[in-house]
Amino acid sequence: MKSVLATPGLPLFMTGQTVSMLGDTAMWLAADIWVKQLTNSNGAAGLVYFAFVAGTMFAPLSGVLADRVRRHRLLLWTNGVMCAVVPTLLFVHDAGQVWVVYLVMLAYGVSTSLTEAAQSALLTVMLAEDLLADANALLQTSRQILRLVAPLVGAAAFTALGGATVALLDASTFAITVVTLLFLKVDEPQPAPSKVHWARDLVIGSRHLMRTARMRQVMVAVSMAMVVFGFFNTAQFAVVGEGLHRPVTFLGVLSSAQGIGAVLAALTAGWACRRIGEGRAVGIALLIMAVGAVLLMAPTAWLVFPGIVMAGFSLPWAIVGVVTLLQRTTPKDMLGRVYGSFDLFTSTPLAVSIAAGSALIAPLGYRLLLAVMAAGVAVPALYLMTRPEQKERAEQRERAEVRP
Numbered sequence: 017m018k019s020v021l022a023t024p025g026l027p028l029f030m031t032g033q034t035v036s037m038l039g040d041t042a043m044w045l046a047a048d049i050w051v052k053q054l055t056n057s058n059g060a061a062g063l064v065y066f067a068f069v070a071g072t073m074f075a076p077l078s079g080v081l082a083d084r085v086r087r088h089r090l091l092l093w094t095n096g097v098m099c100a101v102v103p104t105l106l107f108v109h110d111a112g113q114v115w116v117v118y119l120v121m122l123a124y125g126v127s128t129s130l131t132e133a134a135q136s137a138l139l140t141v142m143l144a145e146d147l148l149a150d151a152n153a154l155l156q157t158s159r160q161i162l163r164l165v166a167p168l169v170g171a172a173a174f175t176a177l178g179g180a181t182v183a184l185l186d187a188s189t190f191a192i193t194v195v196t197l198l199f200l201k202v203d204e205p206q207p208a209p210s211k212v213h214w215a216r217d218l219v220i221g222s223r224h225l226m227r228t229a230r231m232r233q234v235m236v237a238v239s240m241a242m243v244v245f246g247f248f249n250t251a252q253f254a255v256v257g258e259g260l261h262r263p264v265t266f267l268g269v270l271s272s273a274q275g276i277g278a279v280l281a282a283l284t285a286g287w288a289c290r291r292i293g294e295g296r297a298v299g300i301a302l303l304i305m306a307v308g309a310v311l312l313m314a315p316t317a318w319l320v321f322p323g324i325v326m327a328g329f330s331l332p333w334a335i336v337g338v339v340t341l342l343q344r345t346t347p348k349d350m351l352g353r354v355y356g357s358f359d360l361f362t363s364t365p366l367a368v369s370i371a372a373g374s375a376l377i378a379p380l381g382y383r384l385l386l387a388v389m390a391a392g393v394a395v396p397a398l399y400l401m402t403r404p405e406q407k408e409r410a411e412q413r414e415r416a417e418v419r420p
């Protein structure tokens with residue numbers, strides 16, 4: 017971690033991204049609670065995240081753009097546009113205007129696909145390859161520490177001041193991020209002009225994923241898990257209301273508990289990727305997620321809290337493993353397109369599962385959805401953990417350590 021932070025410009029970059037994540041985390045939770053209160057519907061609240069995921073399905077186009085322009089400039093413009101878009105939530109006053117929340121969350125999804133593709137590629141310019149896992153883990157540590165604070169802040173701010181105030185606070189964090197990016201100096205070369213039509217650019221990333229065995233296996237496993245992972249988004253409201261018999265704002269407490277597990281995972285994710293390999297780290301993360309889903313079915317907080325902590329723990333290991341493996345197995349000039357293709361292959365089943373969860377929770381109940389989710393995540397976890405190709409990195413490191 018010290019070597020990463022000693023890299024010129026990286027502390028400023030991390031500061032800007034952390035401030036942006038603070039506003040985003042508070043706003044996303046406030047938006048869920050806002051829609052739930054306006055509509056009194058778990059399904060409508062679950063569709064908030066569906067709108068976000070639908071926006072991320074533009075990831076292939078975002079990836080093409082991230083490879084055709086300087087990534088630093090793309091981050092600057094994306095944050096600037098979101099600073100102007102988020103205040104439109106000031107016009108939401110009743111259930112008839114919930115569509116504005118959905119549109120803003122759709123814009124969030126598009127901006128996230130642009131930001132993550134550009135951020136992942138920019139890190140490979142700023143850092144040596146052996147520092148990428150620690151840098152990704154550091155970003156996840158910052159993100160997950162915010163989960164301890166931002167959900168409670170977001171829920172408290174929403175309760176005391178309303179959704180409009182939270183939106184203005186979020187817009188201000190985008191503005192701060194823009195300022196940090198303006199002061200950030202990165203020696204980033206101008207991308208070479210593309211020699212192919214943009215339509216062909218869209219499939220270059222997916223071809224690379226399919227031809228790279230380790231990346232292909234991770235993509236298959238994560239995509240399979242996403243088919244059922246979206247059930248969690250809607251089920252969490254029922255866990256709070258029907259399982260624990262608490263008000264919807266108690267979701268902020270659960271989100272903070274989820275953040276505790278996520279912080280512990282983020283602090284160890286870089287080590288896990290180096291020690292056991294990125295792919296196996298993702299597999300273990302999915303298995304932990306499956307166990308957490310089972311515990312969330314319990315009617316007591318004594319089991320729900322460990323379950324939500326495990327769910328939180330699983331995400332950083334999975335994210336850091338995926339991003340680091342992608343960065344290590346992809347040429348720098350293709351990172352945006354490959355990242356965008358991976359995002360599309362995983363976000364599409366996630367969007368479908370969120371919509372399905374919103375439709376099925378009423379007739380089936382949240383416990384059955386969580387049971388299906390646990391089984392559906394455990395299968396790809398076992399698949400990934402048993403692939404011999406995923407052991408290559410760990411075995412190479414072990415041989416290097418014993419070499420005289």
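In case it helps, our numbering puts the sequence shown at residues 17 to 420.
Beta carbons are placed, not taken as given, at the ideal position from N, Cα and C, and that holds for glycine.
Environment of residue i [buried if 16+ CB atoms lie within 10 Å]
i, result
"Thr452", "Beyond the ends of the chain as shown, which are 17 and 420, falls residue 452; an answer cannot be given."
"Lys348", "exposed"
"Leu177", "exposed"
"Trp44", "buried"
"Leu400", "buried"
"Asn56", "exposed"
"His109", "exposed"
"Gln113", "exposed"
"Pro365", "buried"
"Leu198", "exposed"
"Ala391", "exposed"
"Pro263", "exposed"
"Leu311", "buried"
"Leu398", "exposed"
"Glu145", "exposed"
"Phe107", "exposed"
"Ala416", "Bear in mind that a pLDDT of 43 at Ala416, under 50, signals an unreliable position, so the number given afterwards is only what the model happens to contain. The residue in question, Ala416, is exposed, as its Cβ has fewer than 16 Cβ neighbours within 10 Å."
Simplified DSSP assignment, three categories, for residue i
i, result
"Lys407", "helix"
"Leu45", "helix"
"Ala144", "coil"
"Ala208", "coil"
"Asp150", "helix"
"Met242", "helix"
"Gly424", "Because the chain here runs from 17 to 420, residue 424 falls outside it and cannot be looked at."
"Val80", "helix"
"Arg296", "helix"
"Phe74", "coil"
"Met121", "helix"
"Glu417", "Unreliable placement is indicated for Glu417, whose pLDDT of 39 sits below 50; no coordinate value is reported for it."
Short Cβ contact (9 Å threshold) for residue i with residue j
i, j, result
"Gly257", "Asn58", "yes"
"Leu91", "Gln135", "yes"
"Val238", "Leu138", "no"
"Met326", "Met313", "no"
"Ile49", "Leu386", "no"
"Asn249", "Gly373", "yes"
"Pro27", "Gln156", "no"
"Val64", "Val85", "no"
"Phe74", "Ser129", "yes"
"Leu38", "Thr189", "yes"
"Val141", "Val120", "no"
"Pro396", "Leu302", "yes"
"Ala334", "Gly323", "no"
"Ala70", "Leu105", "no"
Delimiting residues of the alpha helix (DSSP H) encompassing residue i
i, result
"Ser363", "351–380"
"Asp186", "179–199"
"Asp110", "From DSSP, Asp110 is part of no alpha helix (DSSP H); its letter is neither H nor E."
"Thr250", "247–254"
"Asn56", "Note, Asn56: premise wrong, no alpha helix (DSSP H); not H, not E."
"Phe266", "From DSSP, Phe266 is part of no alpha helix (DSSP H); its letter is neither H nor E."
"Met98", "87–101"
"Val338", "317–345"
Member of the options whose CA lies at the smallest distance from the CA of residue i
i, options, result
"Met389", "Thr346, Leu267, Ala241", "Ala241"
"Ile377", "Gly246, Thr228, Ala278, Leu270", "Gly246"
"Leu54", "Thr94, Tyr65, Ala111", "Ala111"
"Thr402", "Ala371, Ile300, Gly392, Met37", "Ile300"
"Gly275", "Val354, Ser330, Leu105, Ile292", "Ser330"
"Val126", "Asp150, Phe68, Val80", "Phe68"
"Met350", "Ile292, Leu280, Arg232, Pro76", "Pro76"
"Ala208", "Val80, Lys407, Ile324, Val354", "Val80"
"Thr346", "Glu405, Met235, Val298, Leu225", "Leu225"
"Gln206", "Leu283, His88, Gly221", "His88"
"Val255", "Trp318, Val194, Val234", "Trp318"
"Thr41", "Leu197, Arg159, Val117, Asp83", "Arg159"
"Gly328", "Gln33, Leu106, Ile161", "Ile161"
"Leu200", "Gly392, Gly32, Ala375, Leu303", "Gly32"
"Leu341", "Lys407, Ala394, Thr23", "Lys407"
"Thr131", "Ser36, Leu218, Thr228, Phe321", "Ser36"
"Gly25", "Cys289, Ala371, Thr265, Glu204", "Glu204"
Residue-level contact to chain C via CB, residue i, 9 Å cutoff
i, result
"Thr345", "In the structure shown, chain C cannot be found, because there is only a single protein chain."
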